[in-house]
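Here the structure comes first, spelled out in structure tokens, and everything after it is commentary.
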Amino acid sequence: MLDKNAIAKRIAREVKDGMYVNLGIGIPTLVANYIPKGINVELQSENGILGMGPFPFEGEEDPDLINAGKQTVTLLPGSSIFDSAMSFGMIRAQKVDLTILGAMEVSENGDIANWKIPGKMVKGMGGAMDLVASAKNIIVAMQHVNKAGESKLLPKCSLPITGLRCIKRIVTELAVVDVLPQGGFKLIERAPGVSVEEIIKATAGKLLVEGDIPEMVID
Amino acid sequence: MLDKNAIAKRIAREVKDGMYVNLGIGIPTLVANYIPKGINVELQSENGILGMGPFPFEGEEDPDLINAGKQTVTLLPGSSIFDSAMSFGMIRAQKVDLTILGAMEVSENGDIANWKIPGKMVKGMGGAMDLVASAKNIIVAMQHVNKAGESKLLPKCSLPITGLRCIKRIVTELAVVDVLPQGGFKLIERAPGVSVEEIIKATAGKLLVEGDIPEMVID
Amino acid sequence: MINKTVKSAEEAIKDLHDGMTIALGGFGLCGIPENCIAALVKKGVKNLTCISNNAGVDDFGLGLLLQGKQIKKMISSYVGENAEFERQMLSGELIVDLIPQGTLATRLMAAGYGMPAIFTPAGVGTEVAEGKEVRRFKYNGVEKDYLMEYAFEPDFAIVKAWKGDAAGNLVFRLTARNFSPLVAMSGKITVAEVEQMVEPGELQADQIHVPGIYVHRIFQGQKYEKRIEQRTVRKKM
Amino acid sequence: MINKTVKSAEEAIKDLHDGMTIALGGFGLCGIPENCIAALVKKGVKNLTCISNNAGVDDFGLGLLLQGKQIKKMISSYVGENAEFERQMLSGELIVDLIPQGTLATRLMAAGYGMPAIFTPAGVGTEVAEGKEVRRFKYNGVEKDYLMEYAFEPDFAIVKAWKGDAAGNLVFRLTARNFSPLVAMSGKITVAEVEQMVEPGELQADQIHVPGIYVHRIFQGQKYEKRIEQRTVRKKM
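Residue numbers (numbering that gives the first Met the number 0), protein chains in the order written: chain A, 0 to 218; chain B, 0 to 218; chain C, 0 to 236; chain D, 0 to 236.
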């Protein structure tokens with residue numbers, strides 16, 4: 000069973016040289032810490048940064064330099080700043096290669112719900128609807144089950160959806176699961192020490208398990 | 000009968016304090032020379048200038064600083080440069096208050112033709128179609144008759160049109176003529192020494208002549 | 000040059016009335032028009048419709064207008080930082096129209112670019128698409144559905160820039176740019192407050208983010224708190 | 000940082016083939032990609048469709064490609080400066096699609112902004128509107144007709160910038176900007192030649208006109224003639 004950092008570490012292995020990557024709030028933000036040396040990527044933040052760097056050293060925070068999570072950040076050499084229309088312009092134009100974001104639910108046809116719990120939580124979708132509607136490659140980082148112990152990998156989303164048929168891969172504390180083009184989840188990797196049975200039990204949607212399922216390589 | 004500079008001078012009187020003005024190629028360009036002191040205007044050039052200044056002094060030409068007529072120009076304090084999409088964005092958004100341009104023909108319902116003579120001359124419309132489709136106020140500067148002696152103020156344009164029902168006022172070597180909202184030309188002013196009869200003769204479209212027609216005030 | 004300077008925030012919003020629609024720049028608390036918001040609070044104008052990506056926090060930014068119940072309706076993409084907002088929304092006091100962030104940005108840009116409508120795939124198949132025209136286009140080799148979304152045309156647009164001049168030209172600093180240029184281009188009347196007013200000609204003409212033609216009134220803000228919402232740092236090793 | 004540098008114009012266009020559609024920056028002879036045009040001439044690639052506001056003059060700019068009959072079709076707004084162009088067009092050797100200048104600019108921008116189509120009133124009621132969808136919108140208080148125009152999606156986009164860095168970031172000087180940022184954003188492959196290549200970090204991040212994400216290949220041009228088309232001056236008094 001993985002902790003948040005291990006999930007981020009596993010996802011970091013999906014990041015390839017030359018990619019522009021948008022990282023959502025939460026676990027996805029942690030991915031930046033684990034991108035292997037020698038892999039050149041640029042992080043896009045949808046409030047208007049390309050080439051985002053790490054958090055500033057104490058005392059060097061600049062109120063005019065934040066990321067989409069409103070956190071103070073820094074810029075790397077070769078970075079650029081632009082307005083929100085251009086930011087979502089490049090997202091819609093599919094210039095951003097990979098989007099990593101959190102989710103409340105993912106359905107077996109790749110629908111995602113992550114912006115609203117009717118009558119309860121209504122923070123808004125932020126840029127998530129734009130990202131999932133356009134990104135070529137989307138990876139979801141989330142817990143396999145919610146706090147009530149219910150699976151978040153469902154036959155159909157129960158919450159208001161953020162985007163249709165857009166999720167390709169899900170990384171949880173238990174497994175790496177793909178969404179098949181024809182619908183249905185497919186088990187790709189197990190977390191160290193987690194059995195296939197545990198994963199099947201935690202997955203409400205249809206889960207294809209083919210052959211031997213390898214254990215994740217994390218480091 | 001006015002020469003080109005006098006036509007430009009007369010049109011300059013239409014330019015009011017606080018206006019953003021786009022000047023076309025030819026006579027309209029000359030208008031800039033006659034805008035009265037004390038009237039603050041900014042000239043827009045659709046290749047991406049606001050606050051365009053006069054031609055540079057000899058030896059100070061900059062190949063990177065031209066107007067829409069490809070002429071070397073200068074910038075005034077407070078000017079700005081932008082790309083062509085923003086330039087036509089502000090034109091479509093009707094931020095440019097007044098457009099002055101030349102024409103081959105204007106019809107009595109305000110249609111204008113100025114971009115093509117089939118089989119003969121096909122320079123293209125440049126920015127003219129955008130300007131006439133969007134500008135709140137368009138003044139045409141042109142000769143009343145063409146080189147063959149035929150009127151350019153017509154019941155209907157014979158050449159391919161540039162825009163429909165868009166011209167409000169025409170200033171020629173003979174007269175100031177308005178296009179009435181319901182259609183038809185209306186004689187507003189005569190050039191010094193030109194008779195109403197001469198103007199009627201040179202106007203093929205329906206021309207309303209009401210009461211005494213004053214002579215233009217040019218200086 | 001056409002001079003757009005006014006003396007104060009109060010003068011800049013003197014004809015901003017109850018019931019108007021206003022768009023405001025800023026992302027979170029970054030780049031918000033602090034002085035104009037203070038003037039709106041002081042003026043006590045009510046029943047506003049506010050187009051702004053966020054709604055501030057409880058005691059800063061648009062949160063101050065929410066406290067005074069000056070806002071009737073918010074059009075935003077993310078409002079998660081504000082308890083009073085959530086309370087007013089869940090109780091029905093506040094009408095909230097949540098729309099995707101890119102849609103918000105592009106609808107503002109559309110106004111400034113004279114485009115009455117734009118197409119975006121964001122929200123297709125979701126409740127955001129309800130009642131909207133859907134159209135299928137091929138773009139970048141893929142055929143998919145797009146929503147037609149209309150330009151915002153707010154009565155007032157209010158932004159904060161880093162530097163500005165009397166001609167109304169604006170320059171923004173770092174990510175304080177965010178929605179502000181788009182907001183600035185969208186207003187029937189656009190008000191800009193700036194941290195530094197400079198002489199015309201001081202801003203490099205080809206480095207201006209918003210040309211003055213879009214700005215109707217400009218003034219130097221009295222003071223800026225520039226509060227940080229999420230101070231995140233790393234330790235020096 | 001993702002490094003986009005290539006050695007030369009030749010390398011930058013190595014996979015630009017016969018029959019491709021290419022968009023080129025520049026207005027008249029201002030801001031044209033001189034080194035890439037020279038490389039296209041040298042390469043002798045044929046049957047090109049060129050999207051460019053103008054077509055150069057007889058012996059410079061795109062005129063050089065016209066001389067070599069490398070262009071099958073031109074999509075432009077104004078081509079009045081080129082006798083060879085006019086000859087090829089009137090004789091039918093060259094297909095010419097003349098479109099309004101703002102439409103040209105906005106269709107390029109649409110590609111870079113992921114908008115499959117845009118609306119413009121330019122050309123309504125003219126031969127430009129033939130076969131196009133017309134739609135009525137209310138904007139700025141006025142109801143009128145708009146044409147729906149599609150995004151350009153050229154195989155290659157080629158621009159010249161003033162300064163650039165290895166990340167592909169571009170800055171343009173004065174009116175040499177013109178169509179170039181829009182062209183740069185439109186390409187399936189975008190090539191930028193720059194007058195000055197600078198170190199990453201030298202360009203101020205918030206003063207970049209085209210972020211490097213839009214640029215696939217960048218190199219420093221060997222030399223620039225920067226010819227002036229209409230040298231107009233006034234006398235010192």
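Note that beta-carbon positions come from the ideal geometry of N, C-alpha and C, so glycine has one too.
Three-state secondary structure (DSSP) of residue i
| i | result |
| --- | --- |
| threonine 102 of chain D | helix |
| lysine 200 of chain B | helix |
| glutamine 303 of chain C | As displayed, chain C neither begins before 0 nor continues past 236, which places residue 303 of chain C out of reach and without an answer. |
| glutamine 70 of chain A | strand |
| aspartate 211 of chain B | coil |
| aspartate 129 of chain A | helix |
| serine 75 of chain C | strand |
| phenylalanine 54 of chain A | coil |
| serine 185 of chain D | helix |
| glutamate 149 of chain A | coil |
| glycine 163 of chain D | strand |
| glutamate 60 of chain A | coil |
| arginine 91 of chain B | helix |
| tyrosine 149 of chain C | strand |
| glutamate 126 of chain C | helix |
Contacting residues, own chain, Cβ-Cβ under 7 Å from residue i (five flanking each side not counted)
| i | result |
| --- | --- |
| tyrosine 223 of chain D | Glu33 and Glu194 |
| asparagine 4 of chain A | Leu29 |
| lysine 94 of chain B | Tyr19 |
| glutamate 265 of chain C | Past the boundaries of the shown model lies residue 265 of chain C; chain C is included only from 0 to 236, so the question cannot be answered. |
| alanine 150 of chain D | Arg106, Ala109, Ala110, Met114, Pro115 and Ala116 |
| lysine 135 of chain B | Gln93 and Asp96 |
For residue i, the residue or residues it bridges with in DSSP
| i | result |
| --- | --- |
| serine 78 of chain A | None, per the DSSP bridge assignment. |
| glutamate 41 of chain B | B:Tyr19 |
| arginine 135 of chain D | D:Asp144 |
Residue j beta carbon less than 8 Å from that of residue i
| i | j | result |
| --- | --- | --- |
| serine 75 of chain D | alanine 54 of chain D | yes |
| valine 208 of chain B | leucine 186 of chain B | yes |
| arginine 106 of chain D | isoleucine 94 of chain D | no |
| methionine 0 of chain D | glycine 52 of chain A | no |
| lysine 3 of chain D | histidine 215 of chain D | yes |
| serine 185 of chain C | alanine 121 of chain C | no |
| serine 106 of chain B | proline 154 of chain B | yes |
| proline 213 of chain A | glutamate 196 of chain A | no |
| cysteine 165 of chain B | glycine 109 of chain B | yes |
| isoleucine 157 of chain D | leucine 23 of chain D | yes |
| alanine 191 of chain C | isoleucine 217 of chain C | yes |
| threonine 119 of chain D | glutamate 142 of chain D | no |
| threonine 171 of chain B | glutamine 142 of chain B | yes |
| valine 56 of chain C | glutamate 80 of chain C | yes |
| asparagine 177 of chain D | glutamine 100 of chain D | no |
Delimiting residues of the alpha helix (DSSP H) encompassing residue i
| i | result |
| --- | --- |
| cysteine 165 of chain B | Neither: cysteine 165 of chain B is in no alpha helix (DSSP H) and is coded neither H nor E. |
| threonine 231 of chain D | Element bounds for threonine 231 of chain D: n/a, residue is neither H nor E. |
| leucine 29 of chain B | 26 to 30 |
| glycine 62 of chain C | 62 to 66 |
| lysine 3 of chain A | 3 to 11 |
| leucine 286 of chain C | No information on residue 286 of chain C is available, as it lies outside the stretch 0 to 236 that chain C covers here. |
Own chain partners of residue i with C-beta closer than 8 Å, once the 5 adjacent residues on each side are dropped
| i | result |
| --- | --- |
| phenylalanine 87 of chain A | Glu45, Gly126 and Asp129 |
| serine 83 of chain B | Glu45, Asn46 and Gly47 |
Same chain, Cβ closer than 6 Å to residue i, neighbours up to 5 away in sequence not counted
| i | result |
| --- | --- |
| lysine 131 of chain D | Leu146 |
| alanine 67 of chain A | Ser44, Glu45 and Asn46 |
| alanine 7 of chain B | Ile26, Leu29, Val30 and Tyr33 |
| arginine 168 of chain A | Ile138 and Asp177 |
| glycine 60 of chain D | Leu28 and Ile31 |
| phenylalanine 84 of chain C | Ala54, Leu65 and Val78 |
| glutamine 219 of chain D | Val193 and Met196 |
Endpoints, beta strand (DSSP E) assigned at residue i
| i | result |
| --- | --- |
| isoleucine 20 of chain C | Checking the sequence shown, residue 20 of chain C turns out to be threonine, not isoleucine. Start and end: 20 to 23. |
| serine 106 of chain A | 104 to 106 |
| phenylalanine 84 of chain C | Segment 82 to 89 is the alpha helix (DSSP H) holding phenylalanine 84 of chain C; no beta strand (DSSP E) there. |
| glutamate 9 of chain D | Counting along the chain, glutamate 9 of chain D falls outside any beta strand (DSSP E), though it belongs to the alpha helix (DSSP H) covering 8 to 11. |
Cutoff 8 Å: residue i Cβ touching any chain E Cβ
| i | result |
| --- | --- |
| glutamine 93 of chain A | Looking for chain E here will not work: the only protein chains present are A, B, C and D. |
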